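**Student:**
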């Protein structure tokens, strides 16, 4: 077997970049033996070249992207800088320049992935991104290849480790959101500005990528309804448990009657649901396919080592393609237009918690509003009075239209006896 | 994109064969659109050509393998006849003849896979077999490709649906083995002759295949220690639960101090272990890799539709390779020689149930034997007397050598007060 080097340009040397570099060094001989070409990191783009880096030869460091883009030896670029800019320019110029690209940048893929895939197809180069969703869990490959002859019906996932860690603290220890967030920050699971995670944006990026592959369409971020967990209260987790559910930040994509429904939101799932046991910063994705049935993929959704493992698997794939002169895992077919159902038009079961004055007739008034909106109630819990004569009333409804539920909420707010609509969550996965 | 037909020869039209044929028909247009070549089943080898088959054009049926082998149009053969003979000859001649091969035959792969892979490498054709292990769960691809840059440390799996179904009945309903087996047969989960499943042979085949890929070695069946579940008693499941464990037919491969340990045996795993919740005929594989950490893959391990889904995904892969002129997922590197640790030399924690005479001094005598064999006891349960003055004594030990435990068992049998060594199981996964 002829052996030759494949020069790699690495963009970024943060946590993930360092992991990728180290894993490639550690496994260089094994990979070379398996694939027949040797991966050699030739240049690394860093923000500040003057900073010393342990174990990295200073001669590898590049100051500008152009040093890598213009290096004709470099056939493969690995982008782990993250963010939209300048990552988009890097990605675009890499592919336009006929180099293969491996990336872990979910934000970029979710927002500009279609454009990048188009360039990759046109230039006949690889664009692989296993690490962009659920870290070390090979879910992209599973969707793209293992279900290539099947038809995906539904995807449900816990695909944000930060929020799952926070919710686990709230569930297991009854912590309030603010305290659990602080705990997550202390343990390195949440960033100083946690917006992207706790508002469900990160999970929405990942869902857009997964659904795009599963349904062969270009999912626009505005079509993914997303809610975060800032307003989640331990009481709601507690009431949910009484009702037989756990609360999770659930990402879900489904194909219902010809239209896609895409959402990320804190949701109730049954205690026995396969995702209910996914705790701490772990991720899991449950896929229902027409022929394969229910499949679940579980593992570490983030972190230096799992992410590096996924990036290097993609690198190995590109090396193999270079060695065999082929391209593309499977060709990514041009995406189809798919109808997306507006949130208002969707149906769901709802969990509703109202804080109401503890006086006769309130429950009847609330129930009447629900009935008028065609929302039938499956179960009600009313808890003993608080000090301030306000009580929690919790409703679990049967399937109802989102639009009707929104109208009911507006009407509740006009009732003097309803002090607060404290929570409105959806029930999934029965 | 130039479109052309790829002619396929299908060997076998049983449950799986019929599923593959139907799924290919159903998805033909989608697959063609994605890959650029059209899969067309040109010939189907059946045992009895005179039998009518619903929805199958009679002209497709072939009487002999040679009709397919000698058909120069046919580029891809799909083997779903099962068993070693004549499947081995079919597989060998297919590959030697330069045709690609997709198969689901675990027995053949576990016993002659090395030889077949060598022919495939030499003839530069694909040999894919995702459906051979865990049905619709894409575990082969995950091992082979997604962990290609990583290093597998341990594999633990529930990879036989029949025995998991039987054990679930014994666990949840307290059924005796014989009754649970009958139940499995009634529901189509076990065959009339259940030997392959209940003696752990089927799981051992699958483990040999998985471990061969994970450790890049040729695992010989004689190196896989396997025990079945015929002697499993509901009492042991019950005692295990008291101790905080569930019993599963666990397949495990690990790389310990430079030697492989491979086994299939009914084992105790902690209630909170990710595999503990895998019930009925479901399969799951837990992989620990050095960088990716713990990954779990869960789904239907058998059945017409999941198996067909996996076979067709492999077919799509071959089509793509034909279209792009490349071969092989990743080249399967020639396997390395790996040391395998003999059962006697392995260490484990043990669960032991003795039926002893209910008289003073017995516990002391048994404990002394264990101590002399360097086996330290973590926990003992002694249950109130039976009608016949015989009581169950259950021991849970710390890590000990298999050899020592075997010697202890021999000594127990010499003690008059020990009426029976009723169970000896291993504890895994702490």
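Residue numbers (our numbering), protein chains in the order written: chain A, 200 to 629; chain B, 200 to 629. Glycine is no exception: its CB is placed at the ideal position from the N, C-alpha and C atoms. Quantities reported herein were computed from a predicted structural model and do not represent experimental measurements.
#1: For residue 604/A and residue 611/A, I'd like the C-alpha separation in whole angstroms.
#2: Where does residue 336/B sit, in a helix, a strand or coil, going by DSSP?
#3: By the 10 Å Cβ neighbour count, where 16 or more other Cβ atoms means buried, how is residue 355/B classified, buried or exposed?
#4: Measuring CA to CA, which of 490/A, 256/A, 269/A and 338/A is closest to residue 500/A?
#5: Where does residue 534/A sit, in a helix, a strand or coil, going by DSSP?
#6: With a floor of 3 residues, list each beta strand (DSSP E) that falls wholly inside the stretch 214 to 268 of chain A, ordered by position along the chain.
#7: What residue range is occupied by the uninterrupted alpha helix (DSSP H) comprising residue 298/B?
#8: Since residue 466/A and residue 447/A should fall inside the 8 Å C-beta cutoff, what is the C-beta to C-beta distance between them, to a whole number of angstroms?
#9: Do we get a CB-CB distance below 8 Å when we pair residue 496/B with the residues of chain A?
#10: Quickly, what does DSSP pair residue 353/A with across the bridge? List them, please.
#11: Kindly indicate which three-state DSSP category residue 390/A falls into: helix, strand or coil?
#12: Under the three-state reduction of DSSP, which class applies to residue 497/B: helix, strand or coil?
#13: Between which two residues does the beta strand (DSSP E) carrying residue 625/A extend?
#14: Determine the direct distance from the alpha carbon of residue 334/B to that of residue 221/B, and round the result to whole angstroms.
#15: Compare the C-beta of residue 335/B against all C-beta atoms of chain A and say whether one is closer than 8 Å.
#16: Looking at the C-beta of residue 372/B, does it have a partner C-beta in chain A at a distance below 8 Å?
#17: What does residue 525/A reach in chain B if we use C-beta pairs closer than 7 Å?
#18: Below 7 Å on C-beta distance, what does residue 554/A contact in chain B?
#19: When the Cα atoms are used, what is the spatial distance from residue 550/A to residue 560/A?
#20: Going along chain B, which residues have a C-beta under 7 Å from residue 226/A?
#21: Mapping the DSSP letters down to three states, classify residue 516/B as helix, strand or coil.
#22: Determine, for residue 250/A, whether the minimum Cβ-Cβ distance to residues of chain B falls below 8 Å.
#23: Would you mind reading off the limits of the alpha helix (DSSP H) that contains residue 525/B?
#24: Compare the C-beta of residue 609/A with all C-beta atoms of chain B and state if any pair is closer than 8 Å.
#25: Nearest to residue 595/B by CA position, among 571/B, 624/B and 619/B, is which residue?
#26: List the residues of chain B that residue 241/A touches, going by C-beta distances under 7 Å, in chain order.
#27: Run the CB neighbour count on residue 460/B, radius 10 Å, all protein chains shown included, and call it buried at 16 or more, exposed below.
#28: In terms of residues, what are the limits of the beta strand (DSSP E) holding residue 371/B?
#29: Using only alpha-carbon positions, find the residue among 306/B, 277/B and 503/B that is nearest to residue 396/B.
#30: Below 6 Å CB to CB, which residues in the same chain sit around residue 602/A once its five sequence neighbours on both sides are set aside?
#31: Is any beta-carbon of chain B found at less than 8 Å from that of residue 282/A?
#32: Hey, quick one: how far does the beta strand (DSSP E) through residue 207/A stretch, first residue to last?
#33: What are the start and end residues of the beta strand (DSSP E) that includes residue 608/A?
#34: If you measure beta-carbon to beta-carbon, which residues of the stretch 536 to 563 of chain A are closer than 9 Å to chain B?
#35: If residue 626/B sits next to residue 548/B, beta carbons under 8 Å apart, how far is it from one beta carbon to the other, in whole angstroms?
#36: Relative to chain A, which residues along the stretch 308 to 336 of chain B have a C-beta separation below 9 Å, given in chain order?
**Tutor:** Result, derived from the coordinates:
#1: As a working mapping, residue 604/A is identified with position 405 in the first chain. As a working mapping, residue 611/A is identified with position 412 in the first chain. Going by the C-alpha atoms only, they are around 10 Å apart.
#2: For the purposes of this step, residue 336/B is identified with residue 137 of the second chain, where counting begins at 1. Coil at residue 336/B, not helix or strand.
#3: As a working mapping, residue 355/B is identified with position 156 in the second chain. Buried.
#4: As a working note, residue 500/A is residue 301 in the first chain. If we check each option's Cα against that of residue 500/A, 338/A comes out closest.
#5: Looking up residue 534/A in the first chain gives position 335. In the structure shown, residue 534/A sits in coil (DSSP, three-state: anything other than H, G, I, E or B).
#6: 236 to 244
#7: Against the second chain, residue 298/B aligns to sequence position 99. That residue, residue 298/B, is in no alpha helix (DSSP H); it is neither H nor E in DSSP.
#8: Sequence index remark: in the first chain, residue 466/A carries index 267 (1-based). Sequence index remark: in the first chain, residue 447/A carries index 248 (1-based). Right, their Cβ atoms sit about 6 Å apart.
#9: The count along the second chain starts at 1 and reaches residue 496/B at position 297. Yes, residue 496/B lies at the interface with chain A (some Cβ there is under 8 Å from its Cβ).
#10: As a working mapping, residue 353/A is identified with position 154 in the first chain. Residue 353/A pairs with 453/A and 487/A.
#11: Counting from one through the first chain, the residue named residue 390/A turns up at place 191. Residue 390/A: coil per DSSP, three-state reduction.
#12: For this step, residue 497/B is matched to residue 298 along the second chain. Strand.
#13: Position 426 of the first chain, counted from the start, is the residue given in the question as residue 625/A. Segment 617 to 626, the beta strand (DSSP E) holding residue 625/A.
#14: What you label residue 221/B is simply residue 22 of the second chain in a count that begins at 1. What you label residue 334/B is simply residue 135 of the second chain in a count that begins at 1. Each residue's alpha carbon lies about 17 Å from the other.
#15: As a first step, residue 335/B is located in the second chain; it is residue number 136 there, counting from the start. Judged by the 8 Å Cβ criterion, residue 335/B is in contact with chain A.
#16: Within the second chain, numbered from 1, the residue matching residue 372/B stands at position 173. Closer than 8 Å: no.
#17: Residue 525/A sits at position 326 when you count from the first residue of the first chain. By Cβ distance, chain B contributes 523, 524 and 525.
#18: Here residue 554/A refers to the residue found at position 355 when the first chain is read from its first residue. Within 7 Å Cβ-Cβ: nothing; residue 554/A doesn't reach chain B, min ~36 Å.
#19: The sequence position of residue 550/A within the first chain is 351, counting from 1. The sequence position of residue 560/A within the first chain is 361, counting from 1. Roughly 21 Å separates the two Cα atoms.
#20: Translated into positions along the first chain, residue 226/A becomes position 27. Going along chain B in sequence order, the residues near residue 226/A (Cβ under 7 Å) are 348.
#21: On the second chain, residue 516/B is found 317 positions in, with the first residue counted as 1. Residue 516/B falls in the helix class under three-state DSSP.
#22: Along the first chain, one-based indexing puts residue 250/A at 51. So no, residue 250/A is outside the interface.
#23: Here residue 525/B refers to the residue found at position 326 of the second chain. Looking at the DSSP string, residue 525/B is not in any alpha helix (DSSP H), and its letter there is neither H nor E.
#24: Here residue 609/A refers to the residue found at position 410 of the first chain. No, residue 609/A does not count as interfacial toward chain B.
#25: Counting from one through the second chain, the residue named residue 595/B turns up at place 396. Comparing Cα positions, the closest option is 624/B.
#26: In the first chain, residue 241/A corresponds to position 42, counting from 1. Per Cβ cutoff of 7 Å: no residues; residue 241/A is ~18 Å from chain B at best.
#27: Locating residue 460/B in the second chain gives position 261, where the first residue counts as 1. With 16 or more other Cβ atoms within 10 Å, it is buried.
#28: Taking the first residue of the second chain as position 1, residue 371/B is located at position 172. No beta strand (DSSP E) contains residue 371/B, which is instead part of the alpha helix (DSSP H) from 360 to 372.
#29: The residue given as residue 396/B occupies position 197 in the second chain. Answer by Cα proximity: 306/B.
#30: To locate residue 602/A, count along the first chain from 1; it is residue 403. Cβ neighbours of residue 602/A beyond the five flanking positions: 543.
#31: Your numbering for residue 282/A matches position 83 in the first chain. No, residue 282/A lies away from the interface with chain B (no Cβ there is under 8 Å from its Cβ).
#32: As a working note, residue 207/A is residue 8 in the first chain. Looking at the DSSP string, the run of the beta strand (DSSP E) that includes residue 207/A is 203 to 210.
#33: Within the first chain, residue 608/A is the residue found at index 409, counting from 1. Segment 601 to 613 is the alpha helix (DSSP H) holding residue 608/A; no beta strand (DSSP E) there.
#34: none
#35: Sequence index remark: in the second chain, residue 626/B carries index 427 (1-based). Sequence index remark: in the second chain, residue 548/B carries index 349 (1-based). Contact flag correct, Cβ pair sits at about 4 Å.
#36: 329, 334, 335 and 336
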